[in-house]
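Let me begin by presenting the structure, written as structure tokens, before commenting on it.
Protein chains in written order, with the numbering used here: chain A, 1 to 304; chain B, 1 to 304.
The structure is reproduced here in structure tokens:
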């Protein structure tokens, strides 16, 4: 057991199998873990399981909320919780001074509370390191769905990747490595050049209709309506759409259905297809984030 | 419609979706197709669907049996047949002289009949071209199962491929491309050198115990008992075995079960995971084989 986080009280509120791996790692690093939203038998030794969010938050110096975060009413995604787990203002008011609250992305109410109660809010989902590492299970999950939902191999298939951000790049690389003919749709010419360098065909959004007319599998990563009725009208009738963008996705699903196109909305793949890998990613990333952020507020912390 | 096979009577006996694609291609090439073991509505235009194997075989110059072939009693694998489809000696006796019979691999009874009735028996499953092309859907199917059955990504996983024949090579390449640490177990030093060239770790069968102790996913391609109780006793307890060898596979499944190892026997993947691609492979390969073989017996055929 290491002691780098010794004496730090960390509350983990909800989540799934990934948080269980993270909890074990934080315990191993010497932190005091108080957990809500998991049954006792799921949580490893060394962490305290409590009944309520309020109890967990009391004097906590760090609060960890799951990557999918909460809804607008504060309901925390907690797959193992027996009752609805809600982040309340009462709980937040009990945090230690200058607490650090880690979440995928925060709703407005939480940002307001951060100002009111003066805690440090850290939204991690857009941080490059975490987003790129998470793009690996996302891309593999997308490929798994493509394998399951089509009667063809990825090898020799004509695929289209819409958007060339962190997920798009990883997915294009994986598809290319499996022997697919990959077309990347990107707005930015720099991204298009990178796609070309990787051996993909590069195209812009104005080419989408043409490209989809001879595409077998279309992966969307753009969180905006890009697969419109007008575009889908020209798609290869056997095309399968796998939409990886945050809900509600970037597909007009009603139109897809009308044209007889199979379309699957598949957000949040890492926790679903590879919870252990995704948990290890968190267990590697979050402790370093905690150490970095706590060092900022307390120069005495950790000998820095 | 082409006419390269014009006037040739071809009987297709049983099979699955792959044969349906093959039938369409043979019709397109001008052959006269007589089909048993499929309902009429499944078979495209231009092919005659008959009730019995005998009827289909009458005067047939070419007979196509499915890749999995028949059992020792002559029962043909025919997933869409309503009744048991049996290859009888009576049917074989009705073939045209010098007929060509194409099958994955033949049981002894069929080899005996080939001598007695003087037909040309062509066993295709071991032919390099077909075996290598089929190794693509096999490898993708194996990866799909691995993704479904493990909570980790292939990327960063420690995999082991036992046997470095046509399937082993393709599978190692695919796993490597996805970012796995691949160890190849091969007897032949030339194969070991090729595995090393591909960036894999090379090992022999005597290293199997050591290798499996730190393997996450083990793929077997060797059709002999290689994953013995003695070897499995040393395996990483979280290891998943995916056995691609012909039934009964190369795993002591009872021992695997005893040690709590998940072990999956997955033969015949191409027709299951990618029937359209696997059908196109047949539709490309079989007509060329027919043309080549018929040219041998009849120099006047096809103008050769």
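From the three backbone atoms N, C-alpha and C, an ideal C-beta is built for every residue, glycine too.
8 Å contact criterion, which residue i and residue j should meet: CB distance rounded
i             : j             : result
residue 287/A : residue 25/A  : 6 Å
residue 252/A : residue 228/A : 5 Å
residue 144/B : residue 144/A : 6 Å
residue 133/A : residue 65/A  : With 8 Å as the limit, residue 133/A and residue 65/A do not qualify as a contact, their Cβ atoms being about 19 Å apart.
residue 182/B : residue 176/B : 5 Å
residue 102/A : residue 75/A  : Contact flag wrong, Cβ pair sits at about 18 Å.
residue 185/B : residue 160/B : 6 Å
residue 212/A : residue 231/A : 6 Å
residue 285/B : residue 129/B : 6 Å
residue 151/A : residue 39/B  : Not really, about 19 Å apart at Cβ, beyond 8 Å.
residue 50/A  : residue 87/A  : About 14 Å separates the two Cβ atoms, so there is no contact after all.
residue 235/B : residue 219/B : With a Cβ gap of about 13 Å, residue 235/B and residue 219/B do not count as contacting.
residue 140/A : residue 153/B : 5 Å
Contact with chain A by residue i, beta-carbon distance below 9 Å
i             : result
residue 148/B : yes
residue 59/B  : no
residue 17/B  : yes
Cut-off 8 Å between Cβ atoms - residues of its own chain near residue i, not counting five sequence neighbours on either side
i             : result
residue 97/B  : 118
residue 155/A : 178, 179 and 180
residue 279/A : 17, 18, 19, 20, 21 and 22
residue 122/B : 100, 101, 102, 103, 289 and 293
residue 238/A : 216
residue 42/A  : 20 and 80
Within chain A, the residues that residue i reaches when beta carbons sit closer than 8 Å
i             : result
residue 389/B : One cannot answer for residue 389/B here, as it falls past the ends of chain B, which runs 1 to 304.
residue 191/B : Those do not exist, as residue 191/B stays about 22 Å from chain A at its closest Cβ, beyond 8 Å.
Beta-carbon proximity list for residue i, same chain, < 6 Å, skipping 5 on both sides
i             : result
residue 120/A : 100
residue 92/A  : 113 and 117
residue 304/B : Note on residue 304/B: pLDDT 39, under 50, position unreliable in the model; no value is reported.
residue 263/A : 241, 251, 253 and 256
residue 11/A  : 34, 56, 57, 60 and 63
residue 27/B  : 33, 46 and 47
residue 7/A   : none
residue 200/B : 172, 182 and 184
residue 131/A : 166
residue 297/A : 98
residue 203/B : 183, 185 and 211
Contacts around residue i, its chain only, beta-carbon distance under 7 Å, and the 5 residues preceding and following it disregarded
i             : result
residue 223/B : 245, 246 and 250
residue 283/B : 21, 22 and 25
residue 149/A : 240, 262 and 264
residue 3/A   : 30
residue 79/B  : 16
residue 89/B  : 113
Neighbouring residues, chain B, relative to residue i (Cβ below 7 Å)
i             : result
residue 246/A : The contacting residues do not exist; residue 246/A stays about 21 Å from chain B at best.
residue 201/A : Here the premise fails: no neighbours, minimum Cβ distance about 19 Å.
residue 137/A : 153
CB contact below 9 Å: residue i versus chain B
i             : result
residue 307/A : Residue 307/A lies beyond the residue range present for chain A, which begins at 1 and ends at 304; the question has no answer from this structure.
residue 143/A : yes
residue 188/A : no
residue 210/A : no
residue 101/A : no
Neighbour list for residue i in chain A, Cβ cutoff strictly below 9 Å
i             : result
residue 174/B : 155, 177, 178 and 179
Using 8 Å as the cut-off, can you tell me whether the segment 54-66 of chain B makes contact with the segment 20-39 of chain B, which would need three or more C-beta pairs spanning the two stretches below that distance?
yes
Should the segment 161-168 of chain A be called in touch with the segment 182-195 of chain A, which here means at least 3 C-beta pairs below 8 Å?
yes
For the pair the segment 5-25 of chain B and the segment 261-281 of chain B, tell me if three or more CB-CB distances fall below 8 Å.
yes
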